[in-house]
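K.L.:
There are 2 protein chains.
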Amino acid sequence: MTPITKRIGVLGAGQLGRMLAIAGYPLGQKFGFYGTSDDEPSALLGHMYKQSDDTNSLDKLVEFSDVITYESENTSIEQVREIAKTTPVYPAEKSLFIAQHRGREKGMFDQLNIPCAPYQIVDSLESLKLAVEEIGLPAVLKTTTEGYDGKGQFVLKEVSQVDQAWSEIGGRELVLEGFINFQRELSIVAVRNANNEHVYYPLVQNVHHEGILRYTIAPAREISAEIQQQAEHYMQSLLDELDHVGVLTLEVFETVDGLVANEMAPRVHNSGHWTIEGAYTSQFENHVRAITGMPLGDTSPRQPIAAMINIIGETGPVEKVLTMPNAFLHLYDKEERAGRKLGHINVIAVDEDSLYKDIQRLSDFLPKM
Amino acid sequence: MTPITKRIGVLGAGQLGRMLAIAGYPLGQKFGFYGTSDDEPSALLGHMYKQSDDTNSLDKLVEFSDVITYESENTSIEQVREIAKTTPVYPAEKSLFIAQHRGREKGMFDQLNIPCAPYQIVDSLESLKLAVEEIGLPAVLKTTTEGYDGKGQFVLKEVSQVDQAWSEIGGRELVLEGFINFQRELSIVAVRNANNEHVYYPLVQNVHHEGILRYTIAPAREISAEIQQQAEHYMQSLLDELDHVGVLTLEVFETVDGLVANEMAPRVHNSGHWTIEGAYTSQFENHVRAITGMPLGDTSPRQPIAAMINIIGETGPVEKVLTMPNAFLHLYDKEERAGRKLGHINVIAVDEDSLYKDIQRLSDFLPKM
Numbered sequence: 108m109t110p111i112t113k114r115i116g117v118l119g120a121g122q123l124g125r126m127l128a129i130a131g132y133p134l135g136q137k138f139g140f141y142g143t144s145d146d147e148p149s150a151l152l153g154h155m156y157k158q159s160d161d162t163n164s165l166d167k168l169v170e171f172s173d174v175i176t177y178e179s180e181n182t183s184i185e186q187v188r189e190i191a192k193t194t195p196v197y198p199a200e201k202s203l204f205i206a207q208h209r210g211r212e213k214g215m216f217d218q219l220n221i222p223c224a225p226y227q228i229v230d231s232l233e234s235l236k237l238a239v240e241e242i243g244l245p246a247v248l249k250t251t252t253e254g255y256d257g258k259g260q261f262v263l264k265e266v267s268q269v270d271q272a273w274s275e276i277g278g279r280e281l282v283l284e285g286f287i288n289f290q291r292e293l294s295i296v297a298v299r300n301a302n303n304e305h306v307y308y309p310l311v312q313n314v315h316h317e318g319i320l321r322y323t324i325a326p327a328r329e330i331s332a333e334i335q336q337q338a339e340h341y342m343q344s345l346l347d348e349l350d351h352v353g354v355l356t357l358e359v360f361e362t363v364d365g366l367v368a369n370e371m372a373p374r375v376h377n378s379g380h381w382t383i384e385g386a387y388t389s390q391f392e393n394h395v396r397a398i399t400g401m402p403l404g405d406t407s408p409r410q411p412i413a414a415m416i417n418i419i420g421e422t423g424p425v426e427k428v429l430t431m432p433n434a435f436l437h438l439y440d441k442e443e444r445a446g447r448k449l450g451h452i453n454v455i456a457v458d459e460d461s462l463y464k465d466i467q468r469l470s471d472f473l474p475k476m
Numbered sequence: 108m109t110p111i112t113k114r115i116g117v118l119g120a121g122q123l124g125r126m127l128a129i130a131g132y133p134l135g136q137k138f139g140f141y142g143t144s145d146d147e148p149s150a151l152l153g154h155m156y157k158q159s160d161d162t163n164s165l166d167k168l169v170e171f172s173d174v175i176t177y178e179s180e181n182t183s184i185e186q187v188r189e190i191a192k193t194t195p196v197y198p199a200e201k202s203l204f205i206a207q208h209r210g211r212e213k214g215m216f217d218q219l220n221i222p223c224a225p226y227q228i229v230d231s232l233e234s235l236k237l238a239v240e241e242i243g244l245p246a247v248l249k250t251t252t253e254g255y256d257g258k259g260q261f262v263l264k265e266v267s268q269v270d271q272a273w274s275e276i277g278g279r280e281l282v283l284e285g286f287i288n289f290q291r292e293l294s295i296v297a298v299r300n301a302n303n304e305h306v307y308y309p310l311v312q313n314v315h316h317e318g319i320l321r322y323t324i325a326p327a328r329e330i331s332a333e334i335q336q337q338a339e340h341y342m343q344s345l346l347d348e349l350d351h352v353g354v355l356t357l358e359v360f361e362t363v364d365g366l367v368a369n370e371m372a373p374r375v376h377n378s379g380h381w382t383i384e385g386a387y388t389s390q391f392e393n394h395v396r397a398i399t400g401m402p403l404g405d406t407s408p409r410q411p412i413a414a415m416i417n418i419i420g421e422t423g424p425v426e427k428v429l430t431m432p433n434a435f436l437h438l439y440d441k442e443e444r445a446g447r448k449l450g451h452i453n454v455i456a457v458d459e460d461s462l463y464k465d466i467q468r469l470s471d472f473l474p475k476m
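These protein sequence lines map, in sequence, to chains A and B. Take the first sequence: its letters are residues 108 to 476, numbered as in the numbering used here. Take the second sequence: its letters are residues 108 to 476, numbered as in the numbering used here.
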């Protein structure tokens with residue numbers, strides 16, 4: 108063990124933990140995971156503490172760890188609070204508390220003067236009808252908690268759909284969000300460490316299909332310095348307000364009136380996967396650096412433009428990827444299943460034209476859009 | 108598990124296994140290691156089959172594995188032969204047999220018309236004296252097997268040293284090599300897969316101190332296309348003659364009469380570590396691709412020039428590395444000990460001047476030469 112080695116415990120053992128470990132071992136760190144099965148993507152990449160093995164598995168992970176982090180904003184607050192009594196957890200409770208509830212998240216956007224869609228929390232068919240009147244249609248109805256990849260959402264176009272929407276995802280707390288007329292979906296990944304260093308990756312452009320991110324262009328084209336600065340300013344406000352340590356991601360809409368916040372994630376993010384080969388320091392390495400008290404690394408791209416293409420549902424013709432010099436395969440060791448994220452492909456290029464040609468060559472991995 | 112996943116068993120659990128795993132997981136592969144202790148560099152990066160645990164540990168590794176590879180040319184031939192009855196071992200027995208004996212290695216260089224130093228095998232003080240007369244001095248006396256990092260070598264400058272040399276490293280089979288008047292020490296890493304694809308990395312320049320590689324410049328400066336082609340031609344002959352599958356490395360001397368072969372290693376090599384961030388495909392990824400039947404990846408550098416600096420003995424001021432945007436830290440999770448390889452630093456640069464400035468900033472990691 109080198110003198111700088113820290114033991115990192117991860118709540119979860121999916122692909123994000125896997126990529127954190129792959130980035131963290133070269134820094135001398137060690138990893139342990141709190142997971143459910145030996146088939147999970149992180150299972151071979153460190154000590155595995157399985158929930159099913161032993162009621163004390165979580166205690167054992169905590170005992171192993173110098174610092175704890177997590178893969179999901181749906182991590183239990185109570186668990187994190189309990190662990191934090193003995194072992195630092197980064198990002199800390201406040202980041203998790205805010206990010207796991209759309210209502211609290213939007214409240215914080217408002218507080219920090221970060222523009223977001225008009226919204227109203229509803230918890231009954233009645234209150235939903237009132238909210239529809241106030242906000243107008245079209246609007247998006249979402250669960251306040253636990254939604255991801257387009258799950259737990261209903262796009263309301265007409266008043267006649269209100270009953271159906273409530274019966275499909277209601278019976279619990281929801282938020283109705285006014286529809287944003289956006290040009291592009293963008294996101295920004297930022298990192299803060301406990302020494303109050305802040306670094307920001309460039310804004311990237313995300314293309315979704317059926318609620319799932321399909322590809323990212325990094326950096327997003329035609330972003331003015333002002334827009335990048337605006338995004339960084341929003342991130343700085345959020346990072347400081349949350350006293351956040353680690354990676355924080357914000358999804359934003361680009362509109363004619365500027366950026367409008369959609370949602371944030373207190374973790375490494377799918378739209379940041381391009382950074383593995385695409386940036387001097389990946390989001391995964393910077394998260395590890397941040398939570399272990401290391402200085403943060405350079406977030407600049409290593410090439411003019413890059414893309415990240417998700418591999419969804421089927422592994423697909425990966426030989427194609429392997430024969431393209433500028434394409435990099437990242438599989439997560441998961442069984443094929445419709446709609447499941449099995450891996451991603453990073454592509455780097457000298458200009459936009461050649462990037463789009465390469466994306467075209469990889470069109471097997473993209474939905475017919 | 109994805110449809111393309113292969114289980115790779117590694118004989119050894121050191122830093123080479125560690126870096127193979129870090130490169131192989133993104134391709135969907137799984138790893139197991141045959142090692143001696145849970146403190147070894149690879150121990151957390153896959154299934155660990157410890158020699159001490161169980162007399163059947165090796166059988167269990169073989170049972171786990173679709174393909175077996177190894178970290179060292181000192182791997183037992185008998186072991187490899189036994190495993191190969193049930194499970195492919197790459198590189199196969201012949202590569203190991205030749206590479207683990209300096210006499211056989213030089214015999215193959217002769218057979219393939221690859222220039223090497225004049226040499227003679229000696230096994231007694233008498234035969235050493237005769238060899239010294241024939242080859243002349245200065246000359247280097249080496250053990251025929253198991254030498255690495257300058258161990259098991261004696262530089263003979265005068266006839267009066269012959270007795271001392273024999274008493275220090277003799278009593279076993281040795282080889283006396285005529286001294287080569289070289290300008291630089293270079294090496295080349297090549298890869299071949301079972302489909303007979305060959306790829307070659309550019310020649311790199313290696314600087315040793317007290318027998319240990321201290322830094323590598325990649326590509327080596329002022330290498331003509333003819334010299335690179337000559338090196339590739341030698342590698343192709345060796346790869347084909349050995350029916351080699353995986354990475355093969357050749358150390359060569361640059362002399363006024365062209366390249367002179369020094370020694371080869373049937374494995375990923377310290378002088379190829381720059382490829383992790385420095386090439387489109389690293390030597391580690393290409394070894395994994397080769398032994399699992401995947402197409403080989405592009406060996407081109409991603410930037411004009413790069414360096415690899417070994418971290419020897421002490422971990423040192425690694426914070427310096429972390430604050431340099433173009434420097435990449437690779438620690439092996441090993442205890443500090445004099446002369447031990449604990450990690451390396453890759454540096455990438457736009458030109459030679461800025462590279463040497465960066466190396467200067469990292470001079471704490473270099474011996475006073």
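Think of the CB as a built atom: it goes at the ideal place given N, C-alpha and C, for glycine as much as any other residue.
#1: Mind checking if V492 of chain B is an interface residue toward chain A, Cβ cutoff 8 Å exclusive?
#2: By DSSP, does A246 of chain B sit in helix, in strand, or in coil?
#3: What does the Cβ neighbour count give for P133 of chain A, buried or exposed, with the cut at 16 atoms within 10 Å?
#4: Could you name the residues that DSSP lists as bridge partners for A414 of chain A?
#5: Looking at the unbroken alpha helix (DSSP H) that takes in Q227 of chain A, where does it start and where does it end?
#6: Is it true that the CB of A297 of chain A sits closer than 8 Å to the CB of L219 of chain A?
#7: In terms of residues, what are the limits of the beta strand (DSSP E) holding K157 of chain A?
#8: Ignoring anything shorter than 4 residues or poking outside the region 318-371 of chain B, list the alpha helix (DSSP H) runs there in chain order.
#9: Could you please give the first and the last residue of the uninterrupted beta strand (DSSP E) stretch that includes S183 of chain A?
#10: Answer yes if the region 397-408 of chain B comes into contact with the region 428-447 of chain B, meaning at least three C-beta pairs across the two stretches below 8 Å, and no otherwise.
#11: Does chain A have any CB closer than 8 Å to the CB of Y522 of chain B?
#12: Per the contact definition of three or more C-beta pairs closer than 8 Å, is the region 196-212 of chain A in contact with the region 360-374 of chain A?
#13: Hey, how far is the Cα of S179 of chain B from the Cα of Y156 of chain A?
#14: For A413 of chain A, does the count of other Cβ atoms within 10 angstroms reach 16, so buried, or fall short, so exposed?
#15: What three-state label does DSSP hand S478 of chain B in the structure shown?
#16: Check each candidate in B:I324, B:S344 and B:I287 and name the one with the smallest Cα separation from G379 of chain B.
#17: Measure the Cβ-Cβ separation of Y226 of chain A and V282 of chain A and say whether it is below 8 Å.
#18: Short check: CB of V239 of chain A to CB of L263 of chain A, under 8 Å?
#19: Who does I419 of chain B pair with in a DSSP beta bridge?
#20: My guess is that A338 of chain A and A206 of chain A are in contact by the Cβ rule of under 8 Å, so how many angstroms apart are they, rounded?
#21: Tell me where the beta strand (DSSP E) around G482 of chain B begins and ends.
#22: State the beta-bridge partners of S294 of chain A as determined by DSSP.
#23: Could you check whether the Cβ of D458 of chain A sits closer than 8 Å to any Cβ belonging to chain B?
#24: Using the beta-carbon of each residue, which ones in chain B are nearer than 8 Å to Y156 of chain A?
#25: Compare the beta carbon distance of V486 of chain B and F286 of chain B with 8 Å and say whether it is the shorter of the two.
#26: For chain A, find out if any of its Cβ atoms is closer than 8 Å to the Cβ of H437 of chain B; answer yes or no.
#27: How long is the line joining the alpha carbons of Y341 of chain A and L310 of chain A, rounded to whole angstroms?
#28: State the Cα-Cα distance for the pair L355 of chain A and L123 of chain A, rounded to the nearest angstrom.
#29: Relative to the C-alpha of G446 of chain A, which residue among A:L469, A:G318 and A:Q271 is closest?
#30: Check whether the region 132-152 of chain A touches the region 451-470 of chain A, counting contact only when three or more Cβ pairs, one atom from each stretch, lie closer than 8 Å.
#31: Using the three-state DSSP reduction, which class does H380 of chain B fall into: helix, strand or coil?
#32: List the residues of chain B that V425 of chain A touches, going by C-beta distances under 7 Å, in chain order.
#33: Whole angstroms are fine: how far does the CA of S149 of chain A sit from the CA of D460 of chain A?
#34: Is R114 of chain A close to chain B? Criterion is C-beta to C-beta, closer than 8 Å.
#35: Over the uninterrupted beta strand (DSSP E) stretch that includes R125 of chain B, give me the two end residues.
#36: Using DSSP bridges, identify the partner residues of Y141 of chain B.
P.N.:
So, from the data block:
#1: There is simply no residue 492 of chain B to check, as chain B begins at 108 and stops at 476 in what is shown.
#2: strand
#3: buried
#4: A:I324 and A:V454
#5: No alpha helix (DSSP H) contains Q227 of chain A, which is instead part of the beta strand (DSSP E) from Y226 to V229.
#6: no
#7: H154 to K157
#8: 332-349
#9: Premise fails: S183 of chain A is in no beta strand (DSSP E) and is neither H nor E.
#10: no
#11: Limits of chain B in this structure are 108 at one end and 476 at the other, which puts residue 522 of chain B out of reach.
#12: yes
#13: 32 Å
#14: buried
#15: A question about residue 478 of chain B goes unanswered here, because the residues of chain B that appear run from 108 up to 476.
#16: B:I324
#17: yes
#18: yes
#19: B:K448
#20: Not really, about 17 Å apart at Cβ, beyond 8 Å.
#21: Given that chain B is displayed from residue 108 to residue 476, the structure contains no residue 482 of chain B and the question cannot be resolved.
#22: A:V311 and A:E358
#23: no
#24: Result: empty, since nearest Cβ-Cβ is about 13 Å, beyond 8 Å.
#25: As displayed, chain B neither begins before 108 nor continues past 476, which places residue 486 of chain B out of reach and without an answer.
#26: yes
#27: 12 Å
#28: 14 Å
#29: A:G318
#30: no
#31: coil
#32: I111
#33: 36 Å
#34: no
#35: Looking at the DSSP string, R125 of chain B is not in any beta strand (DSSP E); the run it does join, the alpha helix (DSSP H), is Q122 to G131.
#36: B:L118 and B:Y156
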